[in-house]
Structure formats: C-alpha cells, structure tokens
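Since the structure comes first, as structure tokens, the remarks are kept for the end.
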Amino acid sequence: MADKKDRLSKVLNTLSKITLKIVIPGIGLKKKQEKALMMKYVDEASIYEIAEELGMTYESTSNFLCKSRKAMFDILKNQKDVIPEDIKSRLSIFNESEDK
C-alpha cells in the first residue's frame, strides 16, 4: 500500500493540467491541501514557492505535500466508485488489484 501512495506523486505528474484542475478541487480536500497540490502539479511551483505562499518553512511544506497526497490517495481510494471512468482510467494506481 505504501508503494501506491508513493506512486501517486508520479501519477499526478503524468496527468494533464485539465484533469488535475478537475480532480484536485473536486475530491473534498481541505482548502490548504488543495492549494498546495494545485500549486505543485498544475502551476508547477517549487516547494520554496509553495512554502512562501502558504507561510511555511521548506521542510514543513515538503511534509505537508506528502500528507496532502496521502489524504488525496485515501479519498480517491474510498470514493473510487464515484470517480468518472475517464479520470479513473488515468489514475493507474487504481487499475491494479487491491491485493498487491
């Protein structure tokens, strides 16, 4: 399971900005998590830029992004039945069996 969470970052980097603009705000993350993930994956902001915008240190921001991706993974995993098929097919972490 940890592998799937780690791979979420790689998957997010492969998705189009249009898809990310739909998925990230649409899944119910906290606003600060949503902002951080949008800045990272849509705006392609550096951790330093995100830290400055959110008023956090570099280390805190790096940890916050990790926790935000985990929250996103957990939400997507628990609500994968309501994710549109065209979006779900792009989230390759859900195309594998749960037993792995």
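Quick note on this note's numbering: the sequence shown kicks off at 10 and runs consecutively. Cβ atoms here follow ideal geometry from the backbone N, Cα and C, with glycine treated the same way. This structure is a prediction, so every number in the text was calculated from the model and none was measured.
Check for me: the alpha helix (DSSP H) holding L24 runs from which residue to which? Numbered from 1 along the sequence shown, position 15 holds the residue referred to as residue 24. Premise fails: L24 is in no alpha helix (DSSP H) and is neither H nor E.
Below 9 Å between beta carbons: does that hold for V51 and I33? Residue numbering aside, residue 51 sits at position 42 when the sequence shown is read from its first letter. Residue numbering aside, residue 33 sits at position 24 when the sequence shown is read from its first letter. Going by C-beta atoms, V51 is nearer than 9 Å to I33.
Could you spell out where the alpha helix (DSSP H) holding T70 opens and where it closes? Start at 1 with the first residue of the sequence shown, and residue 70 comes out as number 61. Its alpha helix (DSSP H) spans residues Y67 to N87.
Start and end of the alpha helix (DSSP H) containing E53? The residue given as residue 53 occupies position 44 in the sequence shown. No alpha helix (DSSP H) holds E53; DSSP gives it neither H nor E.
Does DSSP put G35 in a helix, a strand or coil? Here residue 35 is taken as the residue at index 26 of the sequence shown, counted from 1. G35: helix per DSSP, three-state reduction.
Take A45 as the anchor and find which of S69, T28 and I27 has the nearest alpha-carbon. Translated into positions along the sequence shown, residue 45 becomes position 36. Closest option to A45, Cα to Cα, is S69.
Who are the near neighbours of L74 in its chain, counting only those whose CB is closer than 8 Å to its CB and skipping five residues on each side? Here the question's residue 74 lines up with position 65 in the sequence shown. Excluding positions up to five away in sequence, the list reads A45, L46, K49, I56 and I59.
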